[in-house]
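Participant: One structure is given below, represented as structure tokens, and several questions about it will come after.
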Amino acid sequence: MRHVESFAEGRPDDVTGLLREADGWSRTLAEALGELEEQRLTGTDPAEIVRVEVSGTGRLRQLSIDPRGLRDLDHVQLAQAVQAAIVAAHLTMGERLEEVVQGLTGTTSAADPLEGHIRNVLRGE
Numbered sequence: 163m164r165h166v167e168s169f170a171e172g173r174p175d176d177v178t179g180l181l182r183e184a185d186g187w188s189r190t191l192a193e194a195l196g197e198l199e200e201q202r203l204t205g206t207d208p209a210e211i212v213r214v215e216v217s218g219t220g221r222l223r224q225l226s227i228d229p230r231g232l233r234d235l236d237h238v239q240l241a242q243a244v245q246a247a248i249v250a251a252h253l254t255m256g257e258r259l260e261e262v263v264q265g266l267t268g269t270t271s272a273a274d275p276l277e278g279h280i281r282n283v284l285r286g287e
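Start counting at 1 in the sequence shown, then tack on 162, and there's your number in our numbering.
Set out below in structure tokens:
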């Protein structure tokens, strides 16, 4: 992170070091995303009639519908419940992905560590 911080502060001293650092991040991120793919994250609709399970990369793994809840839903409401459950599962996945990225960067925000350098380049500084 040392090279990124120097770039962010406007001191592009060691481009080779920055590239090595970025390559290390890339490998670590690829490993973390591979592990995330194996995770199963769930979401339900507000009435908890539909339950969805997605992988850590958002792929639908399982969809289950409580048959007792079907008595109260027409086809449009059922479709809405399925959509709500999928959205809830994707939100859970997004939170998990954010945790992974924060763990890799050691930050508590999703801020780009190179933002300062990029802003300086765009301004011509």
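Quick reminder that beta carbons are idealized off the backbone N, C-alpha and C, glycines included. Small disclaimer: the values here were computed from a predicted structure and weren't measured.
Write down the C-beta distance between Glu-199 and Ser-217 rounded to the nearest angstrom, noting that I regard them as a contact closer than 8 Å.
Facilitator: Confirmed, about 5 Å.
Participant: Mind checking which residues open and close the beta strand (DSSP E) that includes Leu-225?
Facilitator: Per DSSP, Leu-225 belongs to the beta strand (DSSP E) from 222-227.
Participant: Ala-125 to Ile-227, Cα distance in whole Å?
Facilitator: Residue coverage of the chain in this structure runs from 163 to 287, which leaves residue 125 outside it and unanswerable.
Participant: Give, in chain order, every unbroken run of the alpha helix (DSSP H) that is at least 4 residues long and sits entirely within the stretch 172-256.
Facilitator: Qualifying alpha helix (DSSP H) stretches, in chain order: 177-200.
Participant: Let me confirm a value: Val-214 is counted as buried when at least 16 other C-beta atoms fall within 10 Å, else exposed. Which label applies?
Facilitator: By the neighbour-count rule (16 or more Cβ atoms within 10 Å), Val-214 is buried.
Participant: Ala-251 and Leu-203: beta carbons closer than 7 Å?
Facilitator: Yes. Within cutoff.
Participant: Keeping to the same chain, check which residues put their C-beta closer than 7 Å to that of Gly-220; ignore five residues upstream and five downstream.
Facilitator: Around Gly-220: His-252 and Met-255.
Participant: Compute the beta-carbon to beta-carbon distance between Ala-247 and Gly-179, rounded to the nearest angstrom, for a pair I have assumed lies under 8 Å.
Facilitator: With a Cβ gap of about 46 Å, Ala-247 and Gly-179 do not count as contacting.
Participant: Measure how close the beta-carbons of Leu-225 and Val-244 come, nearest whole angstrom, since I'm counting them as under 8 Å.
Facilitator: Rounded, the Cβ-Cβ distance is 7 Å, consistent with contact.
Participant: When we look at the beta-carbon of Val-212 and count the other beta-carbons within 10 Å, is it buried (16 or more) or exposed?
Facilitator: Per the 10 Å Cβ criterion, buried.
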